[in-house]
Amino acid sequence: MLDQVVYVAAVSVLGVFEQAYFSLQVIQARRKYSVSPPSTAGPPEFERVFRAQANCSEYFPIFLTVLWVSGIFFSQAISSLLGLLYLYGRYKYFQGYGKSALGRLAPLYFSAKILWALLAFSTLGVLNTLNQLYFDVDFLQLLNSV
Amino acid sequence: MLDQVVYVAAVSVLGVFEQAYFSLQVIQARRKYSVSPPSTAGPPEFERVFRAQANCSEYFPIFLTVLWVSGIFFSQAISSLLGLLYLYGRYKYFQGYGKSALGRLAPLYFSAKILWALLAFSTLGVLNTLNQLYFDVDFLQLLNSV
Amino acid sequence: MLDQVVYVAAVSVLGVFEQAYFSLQVIQARRKYSVSPPSTAGPPEFERVFRAQANCSEYFPIFLTVLWVSGIFFSQAISSLLGLLYLYGRYKYFQGYGKSALGRLAPLYFSAKILWALLAFSTLGVLNTLNQLYFDVDFLQLLNSV
Ligand SMILES: N[C@@H](CCC(=O)N[C@@H](CS)C(=O)NCC(=O)O)C(=O)O
Ligand SMILES: N[C@@H](CCC(=O)N[C@@H](CS)C(=O)NCC(=O)O)C(=O)O
Ligand SMILES: N[C@@H](CCC(=O)N[C@@H](CS)C(=O)NCC(=O)O)C(=O)O
Chain U
171 MLDQVVYVAA
181 VSVLGVFEQA
191 YFSLQVIQAR
201 RKYSVSPPST
211 AGPPEFERVF
221 RAQANCSEYF
231 PIFLTVLWVS
241 GIFFSQAISS
251 LLGLLYLYGR
261 YKYFQGYGKS
271 ALGRLAPLYF
281 SAKILWALLA
291 FSTLGVLNTL
301 NQLYFDVDFL
311 QLLNSV
Chain W
171 MLDQVVYVAA
181 VSVLGVFEQA
191 YFSLQVIQAR
201 RKYSVSPPST
211 AGPPEFERVF
221 RAQANCSEYF
231 PIFLTVLWVS
241 GIFFSQAISS
251 LLGLLYLYGR
261 YKYFQGYGKS
271 ALGRLAPLYF
281 SAKILWALLA
291 FSTLGVLNTL
301 NQLYFDVDFL
311 QLLNSV
Chain S
171 MLDQVVYVAA
181 VSVLGVFEQA
191 YFSLQVIQAR
201 RKYSVSPPST
211 AGPPEFERVF
221 RAQANCSEYF
231 PIFLTVLWVS
241 GIFFSQAISS
251 LLGLLYLYGR
261 YKYFQGYGKS
271 ALGRLAPLYF
281 SAKILWALLA
291 FSTLGVLNTL
301 NQLYFDVDFL
311 QLLNSV
């Protein structure tokens, strides 16, 4: 049974490593630009790093939800692959935002697209399972066995 | 087995759609009131939309936790229904907060009540399972089969 | 099957109670220091309470992820114990940060260490499961049966 979620679990763990890295970068930026807690205001260089981590944190639960739902109800292989791409996109977002506000945009669009794909697959997977329950039709059987 | 969580999964997916909608509203408000990242300060109209989304995002993981725990350990039917009500309450909260700070209060109280109910059912469900493990008593068997 | 996750579920529910307590403290601090939404700026006493809750909220999904992954793939007993310690550390963090910015540091280091441990066990558990799948070796079988 664990083998049916081990890849999405692996991607989730990788995501936690990434979030930990983002947090450490904020701590470092706090030191570099002397922005002591509880303050969150500082030079734009600091605020970009601070907001980059805040934005990634805000989306992390959303990401995990669609990663797991599409992984369980649609296809683990497709979900974990998209999950890896999402984490890559967020890394680029964090780096880009750190350099300039504009630098965040391209990776943001990229990771937003992945998130929409995961959301679409989650929806399909859930609808398919409801279909099976009520109409005994499994139109995703082949896909799910990928 | 999937049928035991498909409704809470469906509500979670709906919740992600809602969070996506809130995010898009913040992006629109940033354009409308010219508040460019990394800034988060602007006219009260902007700040209310910004905070509404921030507040809903902050509660989203808490909501998912009690939705799933009470859905798995207590009753999927009751949890998903409460989950739908919570998402409705948060929609009203977002709309209300967007209009005025006071407008957020009634829907906030409503969704807080739902959250307490889900938390109570989660606690009951977990305690019941522990009871079954140690004392072989299942006082929720009837309710869980609802 | 539920018995394999009931302790991590119990710790998660406890975590939700803790987050609810933190939120209520922010609401109280808003009243005490007259900081009306959508504003989040106020005297340092308010901002410390506000940031303490924000920081704990930000880490909550990360905590849940490693709690569940290490609970399922490594050892439920070890994970739930570490989970309890983490929640205790976060309580101390909240209290300490409320008193002074410095007061947050010792509990922060403590809960960060717990988080790293949970992350390490999650990684080990996932790697072990992948190992079993591909090489039919289960080097954690003994530990997992703890
Ligand atoms: N959002 C956090 C990310 C990094 C973090 O967790 N920092 C620790 C050590 S400086 C903290 O206690 N931050 C205080 C806070 O978030 O208000 C921050 O702004 O600092
Ligand atoms: N909390 C976000 C919600 C919407 C969002 O994700 N916005 C994108 C595009 S404007 C972003 O990169 N925001 C920058 C930020 O959150 O600092 C915000 O304040 O903007
Ligand atoms: N982060 C919240 C924590 C407590 C909470 O949920 N407060 C409710 C009632 S005052 C709220 O609507 N807060 C508005 C907001 O978060 O902007 C806050 O700053 O207030």
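Which chain is which? The protein sequence lines are U, W and S, in order.
Each residue of the first sequence is one higher than the last, beginning at 171 in my numbering.
Each residue of the second sequence is one higher than the last, beginning at 171 in my numbering.
Each residue of the third sequence is one higher than the last, beginning at 171 in my numbering.
All C-beta atoms, glycine included, are put in the ideal place defined by N, C-alpha and C.
Spatial neighbours of residue i in its chain, beta-carbon cut-off 7 angstroms, leaving aside the 5 residues before and after
{"i": "Lys202/U", "result": "none"}
{"i": "Arg218/W", "result": "Tyr267, Gly268 and Ala271"}
{"i": "Leu278/S", "result": "Tyr263"}
{"i": "Leu252/W", "result": "Ile284, Ala287 and Leu288"}
{"i": "Thr210/W", "result": "Phe220"}
{"i": "Gln311/S", "result": "none"}
C-alpha distance - residue i paired with residue j, whole-angstrom precision
{"i": "Tyr256/S", "j": "Ser281/S", "result": "5 angstroms"}
{"i": "Ser250/U", "j": "Leu172/W", "result": "19 angstroms"}
{"i": "Arg221/S", "j": "Ala290/U", "result": "35 angstroms"}
{"i": "Ser193/W", "j": "Ser292/S", "result": "31 angstroms"}
{"i": "Gly273/S", "j": "Gly259/S", "result": "12 angstroms"}
{"i": "Ile248/W", "j": "Tyr304/S", "result": "41 angstroms"}
{"i": "Val239/S", "j": "Ser182/S", "result": "13 angstroms"}
{"i": "Gln189/U", "j": "Gln223/U", "result": "8 angstroms"}
{"i": "Ala287/W", "j": "Tyr263/U", "result": "38 angstroms"}
{"i": "Gln128/W", "j": "Pro208/W", "result": "For chain W, the structure presents residues 171 to 316; residue 128/W sits outside this window and is missing."}
{"i": "Val186/W", "j": "Asp306/S", "result": "38 angstroms"}
{"i": "Leu294/U", "j": "Leu285/S", "result": "34 angstroms"}
{"i": "Phe230/W", "j": "Glu228/S", "result": "11 angstroms"}
Proximal residues to residue i (C-beta, below 8 angstroms), its chain only, five neighbours per side dropped
{"i": "Leu275/W", "result": "Gly266"}
{"i": "Leu254/W", "result": "Val181 and Leu184"}
{"i": "Val196/U", "result": "Val219, Phe220 and Gln223"}
Residue i at chain C interface by Cβ criterion, 7 angstroms
{"i": "Ala271/U", "result": "Looking for chain C here will not work: the only protein chains present are U, W and S."}
Beta-carbon proximity list for residue i, same chain, < 6 angstroms, skipping 5 on both sides
{"i": "Cys226/U", "result": "Phe192 and Arg260"}
{"i": "Phe216/S", "result": "Ala199, Tyr203 and Val205"}
{"i": "Gly135/S", "result": "Here chain S covers residues 171 to 316 and nothing more, so residue 135/S does not appear."}
{"i": "Pro214/S", "result": "none"}
{"i": "Asp308/W", "result": "Gln302"}
Any non-hydrogen atom of ligand 4 within 6 angstroms of residue i CB
{"i": "Asn298/S", "result": "No copy of ligand 4 occurs in the structure displayed; its ligands are ligand 1, ligand 2 and ligand 3 alone."}
Can you find at least 3 beta carbon pairs, one from the region 240-248 of chain W and one from the region 294-304 of chain W, that sit closer than 8 angstroms? Counting Cβ pairs under 8 angstroms, three or more are found: they touch.
State whether the region 178-188 of chain U contacts the region 227-236 of chain U, with contact taken as three or more CB pairs (one from each stretch) at a distance under 8 angstroms. Short answer: they touch.
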